[in-house]
Structure formats: C-alpha cells, structure tokens
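Here the sequence shown stands for residues 5 to 249, numbered as in the numbering used here.
Just below is one structure, and these are the notes that go with it.
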Amino acid sequence: MVAHSEKSISLYEIEESLAELLSARDEVTADLRYMEVNTIDPQDYADKQKESVEVERLLVEYGERAVLKVDGWHSAIRRMETDLVAEKEEKAAISARISRTEGTLKRLKAIGVEIMRKFDKKALVGTAGRKLSRCGNGGIQPLDIQGWDAENEKWCYPYPILPAEFQDVVVRMPLDMYFACGMDSRCTEISRQPANGRIREALAQPCPTCGGTAQGLHCDDCNDTGKASVPGASLAIRGEHLRLS
Ligand SMILES: [Zn+2]
Numbered sequence: 005m006v007a008h009s010e011k012s013i014s015l016y017e018i019e020e021s022l023a024e025l026l027s028a029r030d031e032v033t034a035d036l037r038y039m040e041v042n043t044i045d046p047q048d049y050a051d052k053q054k055e056s057v058e059v060e061r062l063l064v065e066y067g068e069r070a071v072l073k074v075d076g077w078h079s080a081i082r083r084m085e086t087d088l089v090a091e092k093e094e095k096a097a098i099s100a101r102i103s104r105t106e107g108t109l110k111r112l113k114a115i116g117v118e119i120m121r122k123f124d125k126k127a128l129v130g131t132a133g134r135k136l137s138r139c140g141n142g143g144i145q146p147l148d149i150q151g152w153d154a155e156n157e158k159w160c161y162p163y164p165i166l167p168a169e170f171q172d173v174v175v176r177m178p179l180d181m182y183f184a185c186g187m188d189s190r191c192t193e194i195s196r197q198p199a200n201g202r203i204r205e206a207l208a209q210p211c212p213t214c215g216g217t218a219q220g221l222h223c224d225d226c227n228d229t230g231k232a233s234v235p236g237a238s239l240a241i242r243g244e245h246l247r248l249s
C-alpha cells in the first residue's frame, strides 16, 4: 500500500481545473465530429478518441475530488445565494430612488421654465451670481408620432395611422430565408416602430400639390406651409430647458 497524503485542493482550483477540462472536452468533441465527416488518417482518429476517453476520465476524477470539498462548496453556494438576494433588493431600492430623484428634478426644472414663460422672463437672478435662464433646446425638432409612446418605445394602440412604409419591423427568421428574401410561417414579428429617419426625410420634402410655394393661392394639402406631410406624423416645436449659472 502506497502511503500518500491526499492533497487538499481549494475551491478555486476545482473551479479552474473543471473549466479547463470542460473546454478540453468541447474541443475534443468538435474535433471528433469534424473527423467523422472528413477524410482523415485512421490513426489520428484513434488518437483523438483516446484523448476523449482521457478527458472523460479526468472529469470523473475531478468530480470525485470535488466531493471531498462538499461542505466548503455547499456553504459557498448558500452564502452567494443569500448575497445575491440582498444585492438584488439593494439594486431595486437604488433604482427606485434614482427614478424618484429624476422625476422630481424634471418637475422642478419644468416648473421653473413655466413660471418664467408666464412672466415673460428669459432669466431670474438670485444672489451671489446665481441665475436661472430659459434656453431653447438645441438639436433637431422632436418628432411627434400619433399613438407612439416615444419614452417607452411602444404603441399606445394597435393600429397606428402612420403608413406601413414609414414603420420598421423587427423580425426573427432563419438565415436561409433572409438570404432568399422570402417570408413564410417561420418568420416571427418581434416589434414595430416608426422609421424616424424616413419620416423626417419625407417631412422635409416640398408639398407635392403646390410644389412648396403655394403660389399665393391657398393650398389645402400643406396648409400653406409648403411642406409635404406624413399621416400621423409631425414635427413638434423645440422645447425649452432650464440653465443654472
Ligand atoms: Zn402645398
């Protein structure tokens, strides 16, 4: 009988070796599959099979050694499960606090802008150089799509006025079907959304009835704006925001 002390292995070592063995098994399995469908030297195939058997043997051996650490493993998992629950609760509480603060901040700023607008003031001056100013939002004009909740990115009702050519659809389909550009029952619709880029492009075009000039006559189609229209879509007025200085 050979006297040898059972070398104790740490949990970390078990995890590392296990991960290595599992990826080795994946590699060997993939190699074997490749060899089965391709012409290769029978000796190479036999070697690969031996390798596969060895990896499986090592996996069993590691499993047996890991069992020796069962208490450590057990308590580590239990501890992590408890930690995870506490951490998720903490995350939810923080998220709730963040949205409350965001909401209050938004309201406070909106009230500031509203009051200044009411009294037709561009700015309100406090003490020690503190100042609140009303500034026009930069960037592009916001797009207003009837029935589309832009903040939550969803439709408020199922049949939008917006024509199909101005909507994008996200679908899931097999790649071969995608290549063939076909549609059949294997195609699943995931979501629909306004095609903002195409809508803006269309709205920037001149009115097709008056050619964008209205020619001094009243144009019912564009209401003398000279711009083309898209049913259910319009450009909104740029809003204002509050600036602190
Ligand atoms: Zn017109």
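We put the CB at the ideal spot given by N, CA and C, even for glycine.
Cβ contact annotation for Gly151 (same chain, cutoff 6 Å, sequence separation greater than five): Trp159, Cys160, Tyr161, Pro164, in chain order. Contact between Cys191 and Val175 is confirmed by a C-beta separation of about 6 Å, below the 8 Å threshold. Distance from the CA atom of Asp45 to the CA atom of Arg29, rounded to whole angstroms, is 21 Å. Rounded to whole angstroms, Val117 and Ile144 show a C-alpha spacing of 20 Å.
Under the DSSP definition of a beta bridge, Trp152 partners with Trp159. In the three-state reduction of the DSSP assignment, His78 falls in the helix class, which pools H, G and I. Distance from the CA of Val41 to the CA of Val57, rounded to the nearest whole angstrom, comes to 20 Å.
Every alpha helix (DSSP H) of 4 residues or more that sits fully in the region 164-234 is shown, in chain order, as 179-184, 200-207. Taking the CA atoms as reference points, Arg242 sits about 60 Å from Ser21. Looking at the DSSP output, Ser238 sits in a beta bridge with Asp148. Under a 10 Å Cβ-count criterion, Pro198 is classified as buried, with 16 or more other Cβ atoms of the shown protein chains found around its own Cβ. Using a Cβ-Cβ distance cut-off of 8 Å, the region 199-212 and the region 229-241 are in contact, since at least three pairs of beta carbons, one from each stretch, lie closer than that value.
Taking a cut-off of 5 Å from the heavy atoms of ligand 1, the residues with a C-beta inside it are Cys211, Thr213, Cys214, Cys223, Asp225, Cys226. Relative to Ser27, the option among Gly130, Val59, Thr213 whose CA is nearest is Val59. Here Lys73 carries a coil assignment [DSSP, helix/strand/coil].
Following the DSSP letters along the chain, one finds Arg247 inside the beta strand (DSSP E) bounded by residues 244-248. Separation of the CB atoms of Leu128 and Ile149 is rounded to 35 Å, and the pair is thereby denied contact status at 8 Å. The alpha carbon of Gly142 has as its nearest neighbour, out of Glu24, Ser249, His245, the alpha carbon of His245. With 16 or more other Cβ atoms inside 10 Å of its own Cβ, Arg138 counts as buried.
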